[in-house]
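Undergrad: First, the structure itself, so that you have it in front of you.
Numbering (the working numbering), first residue to last: 31 to 263.
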């Protein structure tokens, strides 16, 4: 759809539901489309939806949010036991994490030049409540055992903290995440194609926007429309 077609679709939905509804302004429609988009992303990511499936649990969910998937790689040149990175400005939800580790331990494999090889591994989740306990646990997977280790990862504010036991190092940390969507503007370039979200999601986003608008107006059609929208997949 073009941006102007998103607006037209919203207005047509309103007109078909209730002739007495006040036609919203363009800026109001922008607001409700963004609200619908926000709800679409959060319900499709979390699994709080009619199908009760979250992101990557089936092909539909993958297709719903695929244009928002973004990857950022952090590289380290010094190797303390604690590494800190800042979340990207457009960060919304984590999709996946990879730590690229290596060690100078005698059990660790080396390449032809004698330098340690790197290994990709996932991270071990930690919380503020259990981070100290996990670091003290001698059997924790975060400790180097032979050729295997998983760094501890802790989210704190807008930072990610990664911990090793000092016997291995992190060369790279790769964060795959859903970025925040771009603003839907109906006035900047209304005849441009809206490409931030897949085409198949546009009607669903419009219907969610209308649902939220009806709820805000306490319209009597809200409940029946909500029931209709909740089954849309």
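C-beta: ideal position from N, C-alpha, C; glycine also.
Being a predicted model, the structure only gives us computed values, none of them experimental.
1) Contact defined as beta carbons within less than 8 Å: I believe residue 37 pairs with residue 55. What is the distance between those atoms, to the nearest angstrom?
2) Between which two residues does the beta strand (DSSP E) containing residue 206 stretch?
3) Quick check for students: name the residue ranges of the alpha helix (DSSP H) that lie wholly in the segment 50-98, counting only runs of 4 or more.
4) If we ignore side chains and look at the alpha-carbon of each, how far apart do residue 208 and residue 227 end up?
5) Would residue 31 and residue 232 be called neighbours here (beta carbons separated by less than 7 Å)?
6) Within 10 angstroms of its Cβ, does residue 33 collect 16 or more other Cβ (buried), or is it exposed?
7) Quick one: what's residue 170 bridged to in DSSP?
8) Would you mind sorting residue 92 into buried or exposed? The rule is 16 or more other CB atoms within 10 Å of its CB.
9) State the start and end residues of the unbroken alpha helix (DSSP H) segment that holds residue 246.
10) At a Cβ threshold of 7 Å, is residue 112 touching chain B?
TA: A quick look at the data gives this:
1) Taking the chain shown and counting its residues from 1, the one referred to as residue 37 is at position 7. Taking the chain shown and counting its residues from 1, the one referred to as residue 55 is at position 25. Their Cβ separation, rounded to whole angstroms, is 11 Å, which puts residue 37 and residue 55 out of contact at 8 Å.
2) Translated into the one-based positions of the chain shown, residue 206 becomes position 176. For residue 206, the uninterrupted beta strand (DSSP E) segment begins and ends at 199-209.
3) As far as the segment 50-98 is concerned, its whole alpha helix (DSSP H) runs of at least 4 residues are 56-76, 89-95.
4) Here the question's residue 208 lines up with position 178 in the chain shown. Here the question's residue 227 lines up with position 197 in the chain shown. Spanning the two alpha carbons is a distance of roughly 12 Å.
5) Working through the chain shown from its first residue, we reach residue 31 at position 1. Working through the chain shown from its first residue, we reach residue 232 at position 202. Against a cut-off of 7 Å, the Cβ pair of residue 232 and residue 31 comes out as a contact.
6) On the chain shown, position 3 is the one that residue 33 refers to. So residue 33 counts as buried.
7) Within the chain shown, the letter at position 140 stands for residue 170. Residue 170 is not bridged to any residue.
8) Translated into positions along the chain shown, residue 92 becomes position 62. Per the 10 Å Cβ criterion, exposed.
9) Here residue 246 is taken as the residue at index 216 of the chain shown, counted from 1. Residue 246 -> alpha helix (DSSP H) spans 232-246.
10) The question asks about chain B, but that chain is absent: this structure has only one protein chain.
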